[in-house]
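Residues -23 to -1, 1 to 201, numbered by mature numbering (1 follows the signal peptide of the UniProt record, and there is no 0), are exactly what the sequence shown covers, in order. Here a beta-carbon is modelled for each residue, glycine too, at the ideal position from N, C-alpha and C. This report concerns only the one structure given below.
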Amino acid sequence: MHRQLDTRCITILLAMLALLANARVRRSDDNGPLELVVNGLSEKVTQLTAQLQAQSTQFNDELQVLGAKLSAQNKTLASQEAEITSLKNQLASVAESVAFTVKFKNGHISGLGKGQTLTFNNVMYNAGGGYDPVTGFFTAPSSGTYAFFLKVMRMDGGGTVQLSIYKGASRLGTSYSCCSVNAVTTEAITVHLDQGEAVRVQIDVGSELEGSSYSAFTGMKISP
């Protein structure tokens, strides 16, 4: 707006200068006070024009500086908003409880076969609803780092037992027990799971396990 006013003022002053110059030409035969007045006004108009042009240039420069500062502030604000959003998401993810502990209902588990997924059907705790006691699969309800713990006791005289924790088709860890009486085998792993990825326990060797409280599978989300 100020720039428009400056431009209009310059236009008006230039028009006045033209009129005065025209009057000067018409009265060129008159060397009286009018010529002095015209000359004075012409100089004044020239000075005012120069001042207005200088002010307009200064205004434009200041406007560019302010525009650059505003752009930088907008970028800073956008960066801060993105950081706040990220922190909110992290807090929400941490606040979300995902954990489970499952065991067997029966005291003796038999008839197991190689490649079979163990179905721990006694759900002690299942925050987040990720574990399915029917299939034996834990499906991550949200992405993050998870920890899993497996404890299994072999049957006396039941022979060698080997179990593995799988994510999809990838074996994450293996637990092995052989020979000794009431031998307990354990395994602990940490792994990143994307939302929807599943983890399970598969029997590789053996057909019998001690159930009830002697064998358990536990998992929990420990970080986003």
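Following the continuous beta strand (DSSP E) through residue 164, name the residue where it begins and the one where it ends. 161 to 170 is the span of the beta strand (DSSP E), which, as asked, contains residue 164.
Quick one: using the 10 Å Cβ neighbour count with 16 as the cut-off for buried, is residue 167 buried or exposed? exposed
- Any idea what DSSP makes of residue 100, helix, strand or coil? Strand.
Per the contact definition of three or more C-beta pairs closer than 8 Å, is the segment 144 to 154 in contact with the segment 125 to 132? yes
Original post:
Does DSSP classify residue 119 as helix, strand or coil?
Top reply: coil
request  = Have a look at 109, 116, 100, 181 and flag the residue whose alpha-carbon is nearest the alpha-carbon of residue 189.
outcome  = 100
Three-state class that DSSP yields for residue 30 in the structure shown: helix
Mind checking residue 199: buried by the 16 CB within 10 Å criterion, or exposed? Counting Cβ neighbours within 10 Å, residue 199 comes out exposed, since fewer than 16 surround it.
In angstroms with no decimal places, state the Cα-to-Cα distance between residue 4 and residue 22.
Because the pLDDT of residue 4 is 49, which lies under 50, any placement of that residue in the model is unreliable, and the question is left without a value.
Coil, strand or helix - residue 4 by DSSP: Any answer about residue 4 is weak, because its pLDDT of 49 lies below 50 and its placement is not dependable; what the coordinates show is given next. In the structure shown, residue 4 adopts coil according to DSSP, grouped into three states.
Three-state class that DSSP yields for residue 184 in the structure shown
Residue 184: coil per DSSP, three-state reduction.
Q. Roughly how many whole angstroms lie between the Cα atoms of residue 77 and residue 147?
A. 21 Å
query = Who are the Cβ neighbours of residue 103 in its own chain at under 7 Å, not counting the five residues just before and after it?
reply = 77
Note to self: Please state whether the Cβ-Cβ distance between residue 124 and residue 171 is less than 9 Å.
What the structure shows: no
Q. Using the C-alpha atoms, what's the distance from residue 53 back to residue 38?
A. 23 Å
Check: Which residues in the same chain have their Cβ closer than 8 Å to the Cβ of residue 109, if we skip the five residues on either side of it in sequence?
Finding: Counting only Cβ-Cβ distances below 8 Å, and skipping sequence neighbours, we find 115, 116.
CA-CA distance, residue 40 and residue 28? 18 Å
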